[in-house]
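Numbering (mature numbering (1 follows the signal peptide of the UniProt record, and there is no 0)), first residue to last: -21 to -1, 1 to 995. Heads up, the thing below is written out as structure tokens.
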Amino acid sequence: MKKRLLLFFISVLFLSLHTSAQEKTVNGKVISAEDGLPLPGVTVKIKGTSSGVMTNSEGNYSIKAKTGQLLVFSFIGSVNQEQVVGNSTAINISLKEDSKGLNEVAVTAFGVKQQVRGLGYATQNVKAKEIIESNQPNIVNALQGKVAGVQINNSSGAPGSSASINIRGGSSLSGNNQPLFVVDGIPIDNSTPVSQGGLVASAAPASNRAIDINPEDIESITVLKGPSAAGLYGLRAASGAIVITTKKGISGAGKISYSNNFSFDRVNKLPELQTAYGQGEQGISNAVATGSWGAVLDQGERIYNNPANFFKDGFSQTHDISASGGNEKTTFFTSAGLLNQKGIVENTSYTRKSFRLSGDSRISDKLKVGGTINYVESDRKYVLQGSGSGVMGAVLWPSSDNMSIYLNPDGSQRTLTGIDNPYWSRNYKPVTDKVNRIIANGNIAYDPFSFLNITYRLGTDFYNEKFKSIRGAGTTVVGEEKGAISEVASTNQITTSTLLVTGKKTFWNDFNTSLTLGHNLESTSYEGVTTTGLGFIDPTFPSLNNTLPNTRTSINNISKRRIMGVFADLNLDYKNLVFLNFRGRNDWSSTVRKDARSFFYPAVSTSVLFSDILKEMGLKSDDKVFSFGKFRASWARVGKDAPPYVLATTLGTTTNSSTINPRGFIINSGAYYGNPLLEPEFTNSFEIGTDIRFFKSRIGLDVTYYNSTSDNQILATRTTPSSGSFLAYLNGGSINSKGVEAILNVQPIIHKDFKWSIDFNFAKNKSTVKSLPGELDRIELSDAWVAAGGTNVAQAAAFLNGSLFGINGTVWKKNSDGKLLLDNNGAPQVAPALTVIGDRNPDFTAGITNTFTYKNLSLSFMIDIRRGGDIFNNTENAMVYAGTSTKTPDRTSKVFDGIIESTGLPNTKSIKLDQNYYQTLYTKQGYDFVEDGSWYRLRYATISYNFPKTMIQRIGLSNLQVSVTGRNLILITKYSGVDPEVSGSGAGVNGSGSFGFDNLGIPATRGFDLGLRLSF
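Printed below as a string of structure tokens:
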């Protein structure tokens, strides 16, 4: 009954009179004003109605209209054109390129397209061409340096490795700070499993699941940066949203396209090693010692560059084919893709096979249906990395020993004390990850009246995942010398149901209104079974059934979550000059207590086109100098719920093995103390901005200031051992994130044959912890910490009145004057308490993209800049401990400038800088291993050539392009490690994440790509 009343109310509100003029069929062709070629995919609509068609591949269209009605021709990147239907039944149109960009369209919440000029909040659009130019298999990496306020960190140079993404800093101390990913209006899973063992254990960071999306299927990506932009998606979009629109079919003659890329990769950089001292201990040579603490190497003695010899050149290839077509009522698009990537470590690879089918059909003038199904199959083979016998142990291996000899004559592992040989590890400690995934959606749109649209969309994201991790018999890992195996089989599903009712009406020819009422239901489920076993009965047969029966374990995990929301979105505008938007959403979450499950968050925004107002008032005559000016402002509130099942304390057991889990992680069950009083956390955000353009929009500047405060944080804090749990969840604490974003677009040269454009983006963010519950002065992340010789040296931490992205670590003991406090022997001492030693948040980030086009030849390159931001170089710490670091050849004596703590007298004693000093003192303090992570890098450069159509049409082609791309060709940084773009525990760490921790990861690569594209 309520739905009928609502429909009746909307019908009465927007009901208008219809003319009874005779309909007729209008035909025509739409071409480009620049080159005269037909334009497929142009939208032709009757103004004031929902009736419309699209031009086919030849630019032709046919539509039924009445004399006197107005046809609107619109196409992305072109200036809209209107034409009155007269006596003629033929209307041909020539569309001009929109160099001003004033008709730019953004895909906002639930796939709704809106003109950017009317938005009261910041968004940024990345087109398919820009995504493809970067030649990144992971779409997250394809956004690097392109979007202001978006920070991306890759976890390693291994095939299929994960990448983390953060928008405008962070809003949660221990929750998820990554944005929601949405494909064609359906939320999808971009989760990444994370190490519970922190950075201390050898691990193989898993993939983030957005890697399953084929970049070739993407039409555009819109980044919704703040709560005002993404709030309608609900609490899962509290950190923003990445809205992906995929390619659709176009009516007319069919089109087939094919593309391929062949890529060649190699290690970008390796740490510099000392070669003065050989293998041994305490200055004495020892052929089985792990470290390089032996005697001075004789002149002429052979030196092995073990790291460089270990890594090989990588190679990958991609093949994509697509077909599209249809008639005026039904269109389709289908594609198939293959990615095969071989890594820089032998036996590592990533393969992705994808198939996608999309279709839309207009059943009648009022009813339209559509749907998409995307199947992805991926297979990843990788190896362990990190400080627990990972393959980057190559930088710890003595240079006087040939590491490539990894087997003894009897076939056993040739190793050093306490560390597996990396060559042996890559062959006998494999990790595999197989995923089968289906992302599907169906939608139906019904227009009962010209002013009313009802759309229902149902979507699902389902995948099963199978991990397997093997530790071969003969490993040096304590407790697993006879081998170990772990297998995980899991299923994940997100099902989303969305109903949208939208009414549009114009009053008095000047006031435009639209109202959307919606209902959204989202259910997520996870079920996984982890089985482990120790000790292979037959050492040559690594199987779970081949392990000792009394060591086998099985753990079953089940998790379910449901969120229901209702929302309203009201848009008002006056003459396309002043825009107002009011939004509200109420969510009910199953993860918080019953009386707190309902929470409401509103939003309001405005956009004022002051350039058009000045023109309306007669104060601005043309666009020659001042082309466009817009002011925008918004305020929004958004909520975030708790993780599932943290309201109650559960019983469980702990398997304390850092290498049993398939990713080398500790398995914890019942690791938290429940809190039935948990409430949602909330973020209040305010932003203002302006968009101004000059000289017919050849210069455009967009500037945004934002300020967000997140209160009532849901925290996972450590508890006392007597509680029987590691963590306790509670509410408390707040974060303030504020910053500035700027986007500058310049077109210095626009000529018939030559064009030059510059796109520049800049962002500066500061995320500060304003309060913490009780007497806490910091929140430490247990998933991002490092240790040296059993001592906790550094970890990610958020500090009260300090940075959300701080580094908590050990320092030398000093007095109030900053003088070293030495022991009675004159040696420095490590302070007992950890303190702030760094801030991983960069001072600012920037990206500069230059594009040059001369006739059919194009050159595009992007410079990525990050200034500031500290890196904890645990790779260097491990190298110092092993004696391979360039810091360790100084093995003389030194008198430290300080005070003997017991006497208060100045120090006069010297200590020897030997193995004991470096291993028991120097590596136990973390401050000296914090480095500046600034960089300037040439992220990519692409040269492409499009063959003239007059040439290729002779062989039946409509398009033919060849390209060459270079990736990561130049890196300028003072950082001593491999690459300051690091994320030690991968992309799955919540809170401030694990970026800024360099921990013996697979090094980043640079490479070249050869590409071919053709269509017919």
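The beta-carbon is built from N, C-alpha and C at its ideal position, and this holds for glycine as well.
Boundaries for F674: no alpha helix (DSSP H) harbours it, and the DSSP string shows neither H nor E there.
Between the alpha carbons of N947 and G164 lies a gap of roughly 33 Å. Contact fails between the region 232 to 247 and the region 603 to 617, because fewer than three Cβ pairs, one in each stretch, are under 8 Å apart.
Going by C-alpha positions, W487 is about 15 Å away from S493. If you keep only unbroken alpha helix (DSSP H) runs of at least 4 residues inside the region 381 to 445, you get 401 to 407. Comparing C-alpha distances from G305 to each of A287, D339, T297 and T330 shows the shortest one belongs to D339. Residue N835 holds the alpha-carbon nearest to the alpha-carbon of M930 among G945, M858 and N835. The region 89 to 99 and the region 605 to 612 touch, with three or more beta-carbon pairs separated by less than 8 Å. Note: Q130 is bridge-paired with N145 in the DSSP secondary-structure output. Bounds of any alpha helix (DSSP H) do not take in K717; it lies within the beta strand (DSSP E) bounded by S713 to I729. Checking the DSSP bridge columns, you'll see S973 has no partner listed. Annotation for K227: no beta strand (DSSP E) segment contains it, and DSSP assigns it neither H nor E. Within 10 angstroms of the beta-carbon of D822 lie fewer than 16 other beta-carbons, which makes it exposed.
Counting only runs of 3 or more residues that sit fully inside the region 809 to 851, the beta strand (DSSP E) segments are 814 to 818, 823 to 833 and 836 to 846, in chain order.
By the beta-carbon neighbour count (other beta carbons within 10 angstroms, threshold 16), L527 is exposed. Looking at the DSSP output, V457 shares a beta bridge with no other residue. Non-local beta-carbon contacts of L317 in its own chain, meaning distances under 6 Å to residues more than five positions away in sequence, involve H298 and K332 in chain order.
Looking at S795, L917, D843 and V809, the one whose alpha-carbon comes closest to that of G883 is S795. Rounded to whole angstroms, E460 and A185 show a C-alpha spacing of 25 Å. Contact check for I190 against I223 fails: the beta carbons are separated by 8 Å or more. When rounded, the separation of the alpha-carbon atoms in G273 and E251 is 19 Å.
Under DSSP, G293 takes part in a beta bridge, and its partners are D244. Counting along the chain, the unbroken beta strand (DSSP E) around Q774 starts and ends at T770 to F778. Looking at the DSSP output, W791 shares a beta bridge with V809. Rounded to whole angstroms, the separation of the alpha carbons of T102 and N550 is 17 Å.
Taken through DSSP and simplified to helix, strand or coil, M930 comes out as helix. Residue nearest to G945 within the set F241, P752 and K234 is F241 (criterion: CA-CA distance). The beta carbons of L979 and G365 sit closer together than 8 Å. A contact is defined here as three or more CB-CB pairs under 8 Å, and the region 392 to 401 fails this definition with respect to the region 438 to 447. Annotated as proximal: K792 and A810, with beta-carbon spacing under 8 Å. Below 8 Å, enough C-beta pairs join the region 369 to 381 and the region 271 to 287 to call them touching: three or more.
Going by DSSP, M543 is part of no alpha helix (DSSP H) but of the beta strand (DSSP E) stretching over T532 to Y553. Inclusion of F741 and E754 in the CB contact set at 8 Å is not warranted, their separation being larger than that value. Rounded to the nearest angstrom, the gap between the Cα atoms of G986 and S942 is 14 Å. Within 10 angstroms of the beta-carbon of L656 lie fewer than 16 other beta-carbons, which makes it exposed. Remark: three or more beta-carbon pairs, one from each stretch, lie closer than 8 Å, so the region 492 to 510 and the region 538 to 548 are flagged as touching.
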